[in-house]
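Report on the structure given below.
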Amino acid sequence: MSALGALLLVSLAATPAPADPPVGSPDVQFRVLEPKVFPDALRHELVLYPLVPQVGSTFTTHWLISLAYTFHPTEWLGLRLQPFYVWQARRSHFSSELLARVRQDAAAASSVVLKGGLVAGPEWMPISGKFAAFGAGPVRYGLVLFGGAGVAGTEIELKTSDPLGPSTYGSTGLRALASIGGGLRVQFGDRFTLRLEVQDLIHWGGVTRINGCDATELDTLNQQHLAGQPLGAGVSTQCNVSAFQGTTSTGYDRGSDIGIAQSKVKEGGTDTLHVVGVYLGIGVEL
Amino acid sequence: MRRAVLVLLLAGCARGGPPPDLLAAARATEGTPGEALALGEALQKAHLDAASIGPLRAAASAPGPARGPATEALLGAQERLDEQLLVPGFLAAQPEAEPISAEARERAALLRGLEAQRSGRLEQAESLLRRIGPGSPLAPRARYALGIVLSDPHHPGGPRMQAALDELQAVLGYSGGGQQGRETRALAQLALARVLYGLRQDQASARAYDAVPPDARVWPQALFERGYPRFRSGDDGGALGTVHALRAPQLASSFLPEARILEATILFHACLYPETREVLDGFTSTFRPLSDRLRELVRARPASSEEVALLADPARRATLGEGLGESLAAEPRLSAGLGLLRALEDDRTRLASLGGDAGPALERLERLRAEAEQAEADAVHGRLEDVSSALRDLLEQADVLRFETTKGEKELLDADVDQRKLLAARPLPPLPSGGPADERWRVDGEWWVDEIAHVRASLKDGCPVRPASPNVR
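Sequences listed follow chains A and B, in order. The first sequence: position 135 = 135 (the working numbering), numbered continuously. Numbers in the working numbering are just positions in the second sequence, counted from 1, shifted up by 286.
See below:
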């Protein structure tokens, strides 16, 4: 058992009975030394979190899908690799209200959203136990804690959603990511697991480039756009000019994003952002 | 006339009346062996297997052309009903009654072999059981019984332990067979552990006991018995843990009084005298009243129906107490006897529904039912006698242990040993460190069925010096 020992849940299936002799004796001690029915050590676990909502957001709202691969070198320790993809990230309801009612937008550094990424780190199961459900055999559960680091692609909203079309976004590049989380892992039989976790994906920094273009390059592009000149002369290859060219499917001129991007880059400032999600996943152990 | 009867029968069926097979069976007579065979077959055709046993036995006991088919049909009914009292007894008493097919001959040999083993005719049992080939569906059952016969101390020429181990090991190699197959394999595993214990191979014996599946009927028995090889090999904690685990309420329907004696013996061996006394007092207060009740019951020998009701009626069963009734009712032979009585009662109900037509058939059935009841009552009585005798022995052992405990306490006083101080100075020995996947749980009166097999104890040695006698291991 781990350093923190085992937690035994009292359940309906366990039959309480008065202590029998010689249980009360100080000279005799009884313990159950039970081999774990379904050991985790040296096994691989794959968990799919199909729909992860963000909770407690201020300026942004994320919906993710995630997959976690965990290798368990021991019963209590796992090494976790977790890619995720944000299939919807948008301005939060609060931020939209703020903009609509008082024309106050969130700071650019606070509005950066995640696009997708990967975190890796250790997982620890300090407490485990079992419970019985519906008269079936005991179901094993464990409290898992995990943390890690990784990298994520980010973006920022440029044009807000309006009747003429949806929001447009500009890439704010790759960012370092830290993660911390914990939750409950339940093991059904030899193969299947169910996890309910809360994980905080933390990223930080300011908005210094949008679509790879810094403030100077955006200024150049803006002047070219206002003059009706072709875009691209005098900017570095890192600056993704094509992201500002053409129109969206609703006919919105992407060149109009240059001015917005320029103002967001000029804002300066930094922020640390938390994407706290509730991860409900089903897994399989191999 | 025959056409008129047929029209009447069909008309009866059309009105939702009794089926023609049933009517034919009820009206048939049992005169000659041929008629008895025809009657038995008619009863079986009407799905009255239990009722068919009577006429088929009559046909199979008389020489002539009906004997073979009647024995064959009798064995068919025995197989379908899992009947273990009347047909095996009949076959043992009628060695000339042989069925026609090879499969039925093997079944007859098995049943005769089991009867011979039960009555102590071991040489005959061995010869009969060896007739069943290893490829037969009956081979696991036969080889298990052969293993028991070969390891019997009364085996002619002495027990052949290695041969017995080989037979029992072979049983474990068979697969399938449904519930009966699983039961046979569990019994073979238990027998294997017992033989290994007899050979003083304690480690192997303990492992064999551990391998008895937890869902087997004999699992509680295996849990208890595995305490012996552990104790004899010096694993007192393992032995005490396993017998203590038998207190789990999930095993309340198992009758294992000897576990308390082994528990007390282990505690006595560690000179934990108050604990020994506590266990012995608990044993005596629980089992002396039961022993007294059983002795009176065996002496008075109630009527057959009363003895059968002791197991058949759940309320009466509970009056035996301490799980004895449930334990006896679960024994295959007694359980099969109760099953036969139920089947006979069902057949009687069906025949009675025919009214006046079924008079002679009901009379024959009643005679058979009385015979089956008597056979079951004899079996119940025999087991009650066994249990009563075993309980008396155990109560005597408890008295001996109690005396030895008092003697041990006196020796401590004579040697001026303050055992409390001595025990307080000694730490509890650590439990064996398990593998990384081992879980440890407290034992505090809450029992989980998955934990019962994994209880271990850690106990202090309260002896100032190891007592030279008695050597209880």
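No residue lacks a Cβ here, since even glycine has one placed at the ideal position from N, Cα and C.
- A straight line joining the alpha-carbon of B:ALA345 with that of B:GLY625 spans about 24 Å.
- At a Cβ-Cβ threshold of 9 Å, A:ARG140 and A:VAL47 do not count as neighbours.
- Within chain A, the residues placing a beta-carbon under 7 Å from that of B:GLY527 are PHE30, ordered along the chain.
- Pairing A:GLU197 with A:ALA41, the inter-Cα distance amounts to about 21 Å.
- For A:LEU51, the enclosing beta strand (DSSP E) begins and ends at 43 to 53.
- In the structure shown, the three-state DSSP call for B:GLY607 is coil.
- The alpha carbon of A:VAL275 has as its nearest neighbour, out of A:THR237, A:SER111, A:PRO73 and A:ASP190, the alpha carbon of A:SER111.
- For chain A, none of the residues of the stretch 432 to 461 of chain B brings a beta carbon within less than 9 Å of one of its beta carbons.
- Looking at the backbone, the Cα of A:ALA132 and that of B:VAL735 are separated by about 11 Å.
- For the pair A:GLY170 and A:ASN222, the Cα-to-Cα distance works out to about 15 Å.
- In terms of Cβ geometry, A:SER179 and A:LEU143 do not form a close pair [threshold 9 Å].
- Judged by DSSP in its simplified three-state form, B:LYS746 adopts coil rather than helix or strand.
- Bridge pairing for A:TRP124: A:LEU77 and A:LEU145 [DSSP].
- Under the DSSP assignment, B:ASP452 falls in the alpha helix (DSSP H) whose first and last residues are 447 to 458.
- Against A:GLU123, chain B offers no close residue; the least beta-carbon distance is about 16 Å (beta-carbon pairs closer than 7 Å).
- Annotated three-state conformation of B:PHE554 is helix, per DSSP.
- Taking C-beta atoms as the reference points, B:LEU342 and B:THR357 count as a pair closer than 9 Å.
- At least one C-beta of chain B is nearer than 9 Å to the C-beta of A:SER25.
- Counting the other CB atoms within 10 Å of its CB gives B:GLN475 a total of 16 or more, which places it among the buried residues.
- Ranked by Cα distance from A:ARG254, the options A:THR160, A:GLY283 and A:VAL284 are led by A:THR160.
- Of all residues in the stretch 407 to 418 of chain B, none places a beta-carbon less than 8 Å from a beta-carbon of chain A.
- Contact annotation: the stretch 377 to 384 of chain B does not touch the stretch 630 to 646 of chain B, with fewer than three C-beta pairs closer than 8 Å.
- Taking the Cα positions, B:LEU708 is about 17 Å away from B:SER744.
- Closest in alpha carbon position to A:LEU273, among A:GLU97, A:GLU123 and A:ILE156, is A:ILE156.
- The straight-line gap separating the alpha-carbon atoms of B:PRO515 and B:LEU627 is approximately 40 Å.
- Proximity of chain B to A:GLY137 at the Cβ level (cut-off 9 Å) is accounted for by VAL735 and ASP736, in chain order.
- Contacts with chain A (Cβ-Cβ distance below 9 Å) from the stretch 696 to 718 of chain B involve LEU709, ALA710, ARG712, LEU714, LEU717 and PRO718, listed in chain order.
- Closer than 9 Å to the CB of B:ALA743 there is at least one CB belonging to chain A.
- Straight across, the Cα-Cα distance linking B:PHE517 with B:ILE552 is about 7 Å.
- Secondary structure note for A:PHE94: its alpha helix (DSSP H) is the uninterrupted segment 93 to 102.
- Here the stretch 682 to 699 of chain B makes contact with the stretch 537 to 557 of chain B; the two share three or more CB pairs at distances below 8 Å.
- Given a length threshold of 4 residues, each whole run of the alpha helix (DSSP H) inside the stretch 605 to 665 of chain B is given here in chain order: 610 to 616 and 618 to 638.
- Counting along the chain, A:ASP162 sits inside no alpha helix (DSSP H), nor does DSSP assign it H or E at all.
- Of all alpha-carbon atoms in B:ALA502, B:ALA497 and B:VAL565, the one lying nearest the alpha-carbon of B:VAL529 is that of B:VAL565.
- Using beta-carbon distances, B:PRO600 does not count as an interface residue toward chain A, since no partner is under 9 Å.
- At a cut-off of 9 Å between C-beta atoms, B:HIS555 does not count as an interface residue with respect to chain A.
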